[in-house]
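When we follow the working numbering, the leftmost residue of the sequence shown carries the number 68, and every step to the right adds one.
One structure is given here, and the rest of the page talks about it.
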Amino acid sequence: MPLDPELFFRALLGAGVTGLAGVPCSILNHLTLEAEASPDIDYIPASVEGEAVSAAAGMWLGGGLGAAMMQNSGLGNAVNPLASLSIPYEIPVLMIVSWRGEPGKKDAVHHYPMGAATPGIFDLLGIPATVLREDSDLERCVTDAVAYMRKERKPAALVVPRGLFQKAEGGGEGDARPAPILAREAGDRDAAPQRFGGGALPSRSEVLAAWLERYPEDLAVSTTGFMSREVSAQGAVDRHFPMQGSMGFAAAIGLGLARRVPQHAVHVLDGDGALIMRLGSLATVGALAPRRLIHLVVDNGTYASTGGQLTVSPGVDFPLAALACGYRVAGSCRGADGLAPALDWVAREAGEGPLLLQVAVSEAEAEGLARPVLSPQEIALAFRDGVAGRA
Ligand SMILES: Cc1ncc(C[n+]2csc(CCOP(=O)(O)OP(=O)(O)O)c2C)c(N)n1
Numbered sequence: 068m069p070l071d072p073e074l075f076f077r078a079l080l081g082a083g084v085t086g087l088a089g090v091p092c093s094i095l096n097h098l099t100l101e102a103e104a105s106p107d108i109d110y111i112p113a114s115v116e117g118e119a120v121s122a123a124a125g126m127w128l129g130g131g132l133g134a135a136m137m138q139n140s141g142l143g144n145a146v147n148p149l150a151s152l153s154i155p156y157e158i159p160v161l162m163i164v165s166w167r168g169e170p171g172k173k174d175a176v177h178h179y180p181m182g183a184a185t186p187g188i189f190d191l192l193g194i195p196a197t198v199l200r201e202d203s204d205l206e207r208c209v210t211d212a213v214a215y216m217r218k219e220r221k222p223a224a225l226v227v228p229r230g231l232f233q234k235a236e237g238g239g240e241g242d243a244r245p246a247p248i249l250a251r252e253a254g255d256r257d258a259a260p261q262r263f264g265g266g267a268l269p270s271r272s273e274v275l276a277a278w279l280e281r282y283p284e285d286l287a288v289s290t291t292g293f294m295s296r297e298v299s300a301q302g303a304v305d306r307h308f309p310m311q312g313s314m315g316f317a318a319a320i321g322l323g324l325a326r327r328v329p330q331h332a333v334h335v336l337d338g339d340g341a342l343i344m345r346l347g348s349l350a351t352v353g354a355l356a357p358r359r360l361i362h363l364v365v366d367n368g369t370y371a372s373t374g375g376q377l378t379v380s381p382g383v384d385f386p387l388a389a390l391a392c393g394y395r396v397a398g399s400c401r402g403a404d405g406l407a408p409a410l411d412w413v414a415r416e417a418g419e420g421p422l423l424l425q426v427a428v429s430e431a432e433a434e435g436l437a438r439p440v441l442s443p444q445e446i447a448l449a450f451r452d453g454v455a456g457r458a
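Here's what the structure looks like:
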């Protein structure tokens, strides 16, 4: 007999899961519908599975406990932030993964390879995965997984085979859809980007120093590579999360965090290469429109951290893309003379919806930047404690 998915949803809430980010699967349809409609859980409709893992990690940094939901077809999209964020930083994320292509069960052919690989992927990553069966005690499985996560500060997975749950009643053809997930009024599609500039390009260090001087107390998540090295050198552990790894997902982490602590400004310090890798996050951030999220894109036109190879950023207008995705305001700055006016503009405009500022920088890099001295686990814990300690 298929199980009642409602029990599973209640078990998640009972175990203290505060947020769910995911990409839908028909097997998990009920869960998505419940999460969309429930005031008891924060639901983030992720653009890609790795974004779901990263947003769930951001929820944990903000004092909550996040789950990432996905079809196993998308498990590959989640591996990078599992392997380079959740596991090394010891940020627990509950993985809820459907199992298409389970060996021995009839399914569409294109699901078989991933179906066969799914248990092995969890094994290789050292993530304990419990397959839910019809005779499973759902509440127990959820509680045990969450207890493990809290104790070990590691991700854990619950695997949901096809046919385990009764079919969802809502969401079928002809049923009324729930209200649109989120208010979309924040962005003004006709808004034009603000443009600042003049003079030679500043360096990344100069931009970051000016930024941190303006916002010494705000929370910030920075992108992998040199940016986070600089942030560890110039920043403070209780409010700056210098993320190394999970390339492209700084905005997703910032989003999960911002949803947990909407009373605080959350800055995302991004790179052009990283943002191009996960441009879909602009759409998620734009749609959910966290009021106090500020997205700074430091654009040197290169992958500086791996040797200065060219990115395609000269062809990308990040502010236009952000506005098109629902950011409330966006601007760019090209030239050191424009930096102070651009930062004044940010200070005036921030607070009513996501804001993006792209700052073109030179390729000059600070000498001898070391990796953070603290371990990833220490960084994550210090940051989470710092967030918790805020008024
Ligand atoms: C998924 C993934 N792909 C590639 C890399 C290697 N890598 C680390 S930093 C980096 C460059 C990032 O470029 P950008 O965001 O423009 O920042 P910059 O290095 O210029 O500061 C790359 C490609 C990685 N860490 N993770």
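Glycine residues also receive a C-beta, built at the ideal position from the N, C-alpha and C atoms.
Taking C-beta separations shorter than 6 Å and ignoring five residues to either side along the sequence, the partners of LEU363 in its chain run LEU336, LEU424, following chain order. Residue environment for GLN138: buried (at least 16 other C-beta atoms within 10 angstroms of its C-beta).
By the Cβ criterion, the region 382 to 397 is in contact with the region 342 to 360, since at least three pairs of Cβ atoms, one from each stretch, lie closer than 8 Å. If you look at TYR215, you'll find it in the alpha helix (DSSP H) that goes 205 to 219. Taking a 10 Å sphere around the C-beta of SER105, we find fewer than 16 other C-beta atoms and assign the residue as exposed. Runs of the beta strand (DSSP E) spanning 3 or more residues and lying entirely within the region 362 to 435 occur at 396 to 401, 422 to 427, in chain order. ALA134 sits in a strand when the DSSP states are folded into three classes. For PRO309, DSSP records a beta bridge to SER289.
Here the alpha carbons of ALA403 and PRO269 stand approximately 5 Å from one another. Each of THR378, SER203, VAL379, ALA175 was checked against the Cα of VAL227, and the nearest Cα belongs to SER203. Excluding residues up to 5 positions away in sequence, LEU349, ALA397, LEU423 lie with their Cβ nearer than 6 Å to the Cβ of ALA389 in the same chain. The alpha-carbon separation between GLN233 and VAL328 amounts to approximately 35 Å. Secondary structure at HIS331: coil, using DSSP grouped into helix, strand and coil.
Residues lining ligand 1 by the Cβ criterion, that is a Cβ closer than 6 Å to any of its heavy atoms, are ASN147, THR290, THR291, GLY292, PHE293, MET294, MET314, GLY338, ASP339, GLY340, ALA341, ASN367, THR369, TYR370, ALA371, SER372, THR373, THR378 in chain order. For ILE163, the enclosing beta strand (DSSP E) begins and ends at 160 to 166. When DSSP states are grouped into helix, strand and coil, TYR156 belongs to the coil group. Under the DSSP assignment, ARG262 falls outside any alpha helix (DSSP H), being part of the beta strand (DSSP E) whose first and last residues are 261 to 264.
Here GLU116 is buried, its C-beta having at least 16 other C-beta atoms within 10 Å. Here ALA134 is actually not in contact with SER272; their C-beta atoms are around 38 Å apart, not less than 8 Å.
Exclusion of the five residues before and after VAL426 leaves VAL274, VAL365, CYS400 as the residues of its chain whose Cβ lies within less than 6 Å of its Cβ. For the options PRO222, ALA102, VAL298, the alpha carbon positioned closest to that of ALA276 is the one of VAL298. Inside the region 70 to 122, DSSP marks whole beta strand (DSSP E) runs of 3 or more residues at positions 86 to 89, 109 to 112, from first to last along the chain.
In the DSSP assignment, ALA183 falls within the alpha helix (DSSP H) that extends over 179 to 192. In the DSSP assignment, GLY338 forms a beta bridge with VAL365. CA-CA distance, MET314 to ALA341, rounds to 6 Å.
C-alpha of VAL288 to C-alpha of ASP384: approximately 22 Å in a straight line.
Look at ALA277 here: in three-state DSSP terms it is helix.
Counting along the chain, LEU225 sits inside the beta strand (DSSP E) bounded by residues 223 to 228. Distances from the CA of PRO180 to each of VAL428, LEU79, LEU142, VAL160 were compared; the closest alpha carbon is that of LEU142. Annotation for MET216: PRO159, ALA223 place their beta carbon closer than 6 Å to its own, counting only its chain and skipping 5 residues before and after.
Residue environment analysis places HIS307 among the buried positions, since at least 16 neighbouring C-beta atoms fall within 10 angstroms of its C-beta. According to the DSSP assignment, VAL440 belongs to no alpha helix (DSSP H), since it is labelled neither H nor E. Contact between the region 375 to 383 and the region 434 to 450 is absent: fewer than 3 CB-CB pairs across the two stretches fall below 8 Å. LEU205 is a Cβ neighbour of PHE75, given a cutoff of 8 Å. When Cβ pairs closer than 8 Å are counted between the two stretches, the region 372 to 381 is seen not to touch the region 413 to 423, the count staying below three.
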